[in-house]
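Encoded as structure tokens, the structure appears first; notes follow it.
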Amino acid sequence: DDDDDDDDLGRPPPPIVEVNTGDADAVGTTDATTDAAATEDDGAGDSPPGTPPKPPSRSALDSLDADGVPTDAATNKHAHAQQQREATDPPKPPSEMMVKAAARLRAAAAAGHPIPNEFVDCITCEVMVDPVIAWDGHTYERDPIARWLQLHSTSPMTGETLPDFTLRPNHSMRSQIINYGEKLAREAGH
145 DDDDDDDDLG RPPPPIVEVN TGDADAVGTT DATTDAAATE DDGAGDSPPG
195 TPPKPPSRSA LDSLDADGVP TDAATNKHAH AQQQREATDP PKPPSEMMVK
245 AAARLRAAAA AGHPIPNEFV DCITCEVMVD PVIAWDGHTY ERDPIARWLQ
295 LHSTSPMTGE TLPDFTLRPN HSMRSQIINY GEKLAREAGH
């Protein structure tokens, strides 16, 4: 007898039942053998064997993230508050490494060395020292885009109205500029 539903002892595996904890935002499953009270309390035992469990409630689904992991509303509120504080705090000045890298790139550009376009701010046409990402998804030098947004409600790249003026540091671009500056220094023998 080679039944896929049987375990090594010849018994079928216990059914999985949905547990209603009384919390509208909680969804969970449990093994019927470890939580027999759950089947008595939630009425799942009234279904014939082999009947699939009831689908989760709408509110239970709304409490899950895209991967099906329950979200923590308190944590989300805390994270949102932290993001708001970061958005209103004055920005930190660029690191010394970033300033040196940008200076190397500017000197190389002045000497005719090609510099990747993505390192150049579209407003000033200079190598960025403090790259930030705006709502439009484009990267800009912080001060010029901040001044732009004081006078305009549109993207300088697309012309579309921006629903949010938050500027977020572009750490990836910073790393790329620093790495390129270090490469130029190695090539120059410094």
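Residue numbers (this note's numbering): 145 to 334.
We put the CB at the ideal spot given by N, CA and C, even for glycine.
This one's a predicted model, so the numbers in the text were calculated from it and none came from an experiment.
Item	Value
Start and end residues, alpha helix (DSSP H) containing residue 322	315-332
Bounding residues of the alpha helix (DSSP H) (the contiguous stretch that carries residue 304)	Where residue 304 is concerned, there is no enclosing alpha helix (DSSP H), given that its DSSP letter is neither H nor E.
Reduced DSSP secondary structure (H/G/I, E/B, other) of residue 276	strand
Selection from 261, 323, 312 that minimises the alpha carbon distance to residue 242	323
Reduced DSSP secondary structure (H/G/I, E/B, other) of residue 240	helix
Bridge-paired residues (DSSP) for residue 312	277
Residue 335 in three-state terms, based on DSSP	Any question about residue 335 goes unanswered here, given that the chain covers just 145 to 334.
Status (buried if at least 16 other CB within 10 Å, exposed otherwise) for residue 316	exposed
Alpha-carbon to alpha-carbon, residue 271 and residue 330	19 Å
Residue 279 and residue 308 closer than 7 Å at C-beta	yes
8 Å Cβ shell around residue 286 - same chain, five flanking residues per side excluded	235, 274, 275, 276, 311
Assumed close pair residue 283, residue 314 - CB separation to whole angstroms, cut-off 8 Å	5 Å
Beta bridge counterpart(s) of residue 283 as assigned by DSSP	277
7 Å Cβ cutoff met for residue 325 and residue 255	no
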